[in-house]
Amino acid sequence: MEVAEFQSLIRRLYMEKDRKRGEDATLLWLVEEVGELLEAHRKRRREGIEEEIADVIAWVTSYANLAGIDVEEALRKKYPGRCRYCNSVPCECEK
Ligand SMILES: [Mg+2]
Ligand SMILES: [Zn+2]
């Protein structure tokens, strides 16, 4: 699935609920999901980690929909296929 396709799916599934909840509460949910990912990671539960990664990405996408951000465009700008600083693949920056 393409990023834009996923964002469109999340919009179709949840935009109404996301709007009612609002940006602030949606970001709080995202933080909660990151907490769940940390918990799954600590338990070394692969299935749980997989689920929580999906949840984190879904909630980021809900927030992006509310904020009017095109996730695919944001990714392309920030991660243009090479390191933005040293221009290399893989990154050869010191840190
Ligand atoms: Mg979760
Ligand atoms: Zn670099």
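Heads up, this note's numbering is the position in the sequence shown plus 599, with the first residue counted as 1. Note that beta-carbon positions come from the ideal geometry of N, C-alpha and C, so glycine has one too.
Reference residue i, options the options, closest by Cα
{"i": "W658", "options": "C692, R681, R644, L626", "result": "L626"}
{"i": "A624", "options": "L665, C692, E635", "result": "L665"}
Cβ neighbour criterion (16 or more within 10 Å) applied to residue i
{"i": "A603", "result": "exposed"}
{"i": "S661", "result": "buried"}
{"i": "C629", "result": "The sequence as given places Leu at residue 629; Cys does not occur at that position. Classification of L629: buried, given that the 10 Å Cβ count is 16 or more."}
DSSP-derived helix/strand/coil call for residue i
{"i": "R611", "result": "helix"}
{"i": "D623", "result": "helix"}
{"i": "I656", "result": "helix"}
Alpha-carbon spacing of residue i relative to residue j, whole angstroms
{"i": "I693", "j": "V670", "result": "The residue you asked about is not Ile; residue 693 is Glu in the sequence shown. Cα to Cα, the separation comes out at about 28 Å."}
{"i": "Y684", "j": "L674", "result": "16 Å"}
{"i": "E632", "j": "R620", "result": "16 Å"}
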